[in-house]
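Residue numbers (this note's numbering): 1 to 177.
Where is the CB? At the ideal position from N, CA and C, for every residue including glycine.
Every value quoted in this text rests on a predicted model; they were computed, and no experiment measured them.
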């Protein structure tokens with residue numbers, strides 16, 4: 001299973017809860033264990049227990065992201081480290097994956113549904129506004145396909161066909177700062 005900071009809490013996102021807007025680097029994530037307390041997560045701790053896991057394939061059950069993370073599109077996020085991955089490493093891989101620019105094929109696929117142009121433009125505008133000056137690239141990035149679903153909702157891990165797989169999910173809503 002995952003480190004408590006990364007654990008899916010069955011819908012109860014407050015105890016414990018990693019509060020993170022995925023458009024920001026992992027250093028902006030906060031742990032909110034309850035009672036109004038907020039502190040940085042234990043980034044250097046092993047992300048998985050027992051700490052013998054070295055290779056993880058991250059996918060998503062998020063309706064939109066699962067489409068894009070299929071093997072014939074962007075593929076999964078793969079962590080393959082010689083040491084047990086840390087909380088920071090998992091968050092960093094998620095962040096790096098979602099900030100990749102969309103290519104022309106990706107954009108054409110999104111825009112093949114007319115309402116998606118407005119949604120994609122709104123997501124990009126919101127991301128650029130919220131990260132003013134932090135992101136030099138002004139085009140579309142992968143996180144834009146999530147629209148307002150930028151709030152990290154945790155990971156669930158399972159061993160399938162000898163491969164550790166994790167499902168990372170996101171929800172809408174503001175992230176406490």
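| message | Suppose the cutoff is 8 angstroms on Cβ atoms and the five residues either side in sequence are ignored; what does the same chain contact list for residue 75 look like? | response | The answer, listed in chain order, is 69.
| request: Determine the contact status of residue 168 and residue 102, defining contact as a CB-CB distance below 9 angstroms. | output: Against a cut-off of 9 angstroms, the Cβ pair of residue 102 and residue 168 comes out as no contact.
| task | Less than 8 angstroms between the CB atoms is what I'm expecting for residue 132 and residue 84, so what's the real figure, rounded? | result | In this structure residue 132 does not touch residue 84 by the C-beta definition: roughly 36 angstroms separates them, more than the 8 angstroms allowed.
| said: So, with DSSP's three-state summary, where would you put residue 14? | reply: With a pLDDT of only 34 at residue 14, under 50, the local geometry of the prediction cannot be trusted, and no value is derived from it.
| message | Tell me the residue span of the alpha helix (DSSP H) that contains residue 123. | response | For residue 123, the enclosing alpha helix (DSSP H) begins and ends at 114 to 130.
| field | Supposed close pair residue 94, residue 171 - CB separation, criterion 8 angstroms | value | Contact doesn't hold; Cβ gap of about 14 angstroms is too wide.
| query | Which one of 56, 50, 127, 31 has the shortest CA to CA distance from residue 79? | reply | Distance check between residue 79 and each of 56, 50, 127, 31 places 56 closest, using alpha-carbon atoms only.
| query | Going by C-alpha distance, which of 126, 25, 89 is nearest residue 139? | reply | Closest by alpha carbon: 126.
| said: Would you say residue 154 lies against chain B (beta-carbon separation less than 9 angstroms)? | reply: The structure shown contains no chain B; it holds only a single protein chain.
| Within the region 69 to 108, ranges of the beta strand (DSSP E) (whole runs, at least 3 residues) | Entirely contained in the region 69 to 108, the beta strand (DSSP E) runs reaching 3 residues are, in chain order, 77 to 80.
| request: In the DSSP assignment, find the unbroken beta strand (DSSP E) run with residue 175 in it and report its ends. | output: For residue 175, there is no enclosing beta strand (DSSP E), as DSSP marks it with neither H nor E.
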